[in-house]
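Numbering (the numbering used here), first residue to last: 83 to 240.
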């Protein structure tokens with residue numbers, strides 16, 4: 083984060099209760115993604131959950147990963163008194179508003195949310211696509227990185 087963060091503290095505010103609510107939602111979505119990955123990969127988890135041996139939910143893990151990032155950027159939006167109303171606006175918000183305050187972090191966030199959005203579209207809307215384990219794990223890691231960056235920005239704002 084740049085040295086003069088006093089201006090950023092005035093723009094980002096954690097006082098709106100929706101900020102914490104969206105970050106909590108992002109963490110829940112990350113947990114759901116991790117559970118779906120575990121259920122898809124580990125036979126002992128499948129057995130415990132009484133799922134068939136061929137069960138896999140990599141598509142839904144990918145969808146959950148995207149929504150974790152989306153919830154986190156909604157939290158940042160509320161911290162800046164902006165309601166993120168749709169997926170396209172989330173990307174535009176990062177590129178136009180957040181980049182002015184946090185250029186380095188915004189570049190990373192922009193790349194992550196775009197990658198996650200594209201993966202979600204493939205996983206969610208194409209019935210002939212079966213997301214591979216590696217893709218779902220990558221989406222989970224990208225979402226985790228995204229949420230952690232957003233959390234750090236908000237924590238630094240105080």
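Virtual Cβ for every residue (Gly too), placed ideally from N, Cα, C.
Can you find at least 3 beta carbon pairs, one from the region 195-203 and one from the region 138-151, that sit closer than 8 Å?
yes
In or out: residue 132 buried (at least 16 other Cβ within 10 Å) or exposed?
Locating residue 132 in the chain shown gives position 50, where the first residue counts as 1. By the 10 Å Cβ count, residue 132 comes out exposed.
N- and C-terminal bounds of the alpha helix (DSSP H) containing residue 158:
As a first step, residue 158 must be located in the chain shown, where it is residue number 76. It spans 140-161 - the alpha helix (DSSP H) in which residue 158 sits, taken as one unbroken run.
Since residue 233 is in the alpha helix (DSSP H), which residue starts that stretch and which ends it?
Position 151 of the chain shown, counted from the first residue, corresponds to residue 233. Segment 215-239, the alpha helix (DSSP H) holding residue 233.
Excluding the five sequence neighbours on either side, which residues of its own chain have a C-beta within less than 6 Å of the C-beta of residue 232, listed in chain order?
Position 150 of the chain shown, counted from the start, is the residue given in the question as residue 232. Residues of the same chain with a CB within less than 6 Å of the CB of residue 232, apart from the 5 flanking positions on each side, are 154, 158 in chain order.
Nearest-angstrom Cα distance between residue 216 and residue 238?
Residue 216 sits at position 134 when you count from the first residue of the chain shown. Residue 238 sits at position 156 when you count from the first residue of the chain shown. Using only the alpha carbons, I get a separation of about 33 Å.
Can you say whether residue 213 is buried or exposed, counting buried as having 16 or more other CB atoms within 10 angstroms of its CB?
On the chain shown, residue 213 is found 131 positions in, with the first residue counted as 1. Per the 10 Å Cβ criterion, buried.
Measuring straight from C-alpha to C-alpha, what distance separates residue 93 and residue 183?
Along the chain shown, read from residue 1 onward, the residue named residue 93 stands at position 11. Along the chain shown, read from residue 1 onward, the residue named residue 183 stands at position 101. Going by the C-alpha atoms only, they are around 9 Å apart.
Would residue 194 and residue 161 be called neighbours here (beta carbons separated by less than 9 Å)?
The sequence position of residue 194 within the chain shown is 112, counting from 1. The sequence position of residue 161 within the chain shown is 79, counting from 1. For the pair residue 194 and residue 161, the CB atoms are not nearer than the 9 Å cut-off.
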